[in-house]
Amino acid sequence: MSTSWDNARRHVRALETALDSKLSAYSRLAASIARSSSGLGGSGGGSRDDIDDEGIGGYKLVEEEVEELLRKLEQAIEDLMALINSPSQPPSASMQHAAQTHRDNLDDYRRDFIRTRSNVEQSIRRSNLLGDVRKDINDYKSGRSSATDALLQDRSRIDSSHRMIDDTLNQAYATRSDFASQRTLLGSVESRMGGVLNQMPGINSLITMIKTRRRRDTVIMGLLVGHNMGTAESKHDQGDAYVTLCPVPSTRSVLVQ
């Protein structure tokens, strides 16, 4: 019995050592998850994917390993209790105390595991809640940003329309000013034309007098030219008559004489 007891107790101690190490790792993982959930969305927080990781090193795998060790330890303690409960060889007080100590240790491991698992679940729920809240906030900000961008675009279009209207009004004012200047100029031209038209009767009279003088001068010149030509022809006719009455002697008659 002593050999069986020693072997069974060494097996229980080995399981307790492994379970203690695994629970310590699980507690550290739970603390890490709690920090990640508290800082989710902050500068130093982890992501929800890191918290929900169920692969190697994830909390689910550690939970399964702890649960498996608890089952093995419970079975090993039951085997140990079976040895000390043998009616053929009554156990000693030290054996009973050792068995009770192992059973108390198993209960402590279970309580630690349940408490740590509860903390992990609360941290995950908190991280999920914070993640949902953060997502809602981001969605709200995104929607608000989109609405703000739309309003800014509308404002920009309105400002552009105002600028176009101002340019059109300025052009209209400039055109009106040009029209006013042209109207003033046309009024001045019209006034001058009226003055010229008012002076036209005198000008017409002057032109008529000039034309009359020219016609008179032309008539006078015509009369003078006609008179001179008549005088010249009369003198020419008188010369011809003189020649006829007094013929010039020929050269032969002069020689004969």
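Using the UniProt record's numbering, you'd call the opening residue of the sequence shown number 1 and step up by one each time. Glycine residues also receive a C-beta, built at the ideal position from the N, C-alpha and C atoms.
- Taking a cut-off of 8 Å for Cβ pairs, the stretch 57–65 and the stretch 146–165 do not touch, as fewer than three such pairs fall below it.
- When secondary structure is reduced to three states using DSSP, N85 falls in the coil class, being assigned neither helix nor strand.
- Distance from A18 to L80 at the Cβ level is roughly 16 Å; contact not present, criterion being Cβ atoms closer than 8 Å.
- The Cβ atoms of L15 and K72 sit closer than 8 Å to each other.
- Residue environment: I77 is assigned as buried (16 or more neighbouring CB atoms within 10 Å of its CB, all protein chains considered).
- Across the structure, S118 and L106 are spaced so that their CA atoms are roughly 18 Å apart.
- Just so you know, the alpha carbons of A99 and R111 end up roughly 19 Å apart.
- Secondary structure at G187: helix, using DSSP grouped into helix, strand and coil.
- Rounded to the nearest whole angstrom, the CA to CA distance from D178 to L151 is 40 Å.
- Look at S94 here: in three-state DSSP terms it is helix.
- Taking the Cβ atoms as the reference, S161 lies roughly 52 Å from S36, outside the contact range of under 8 Å.
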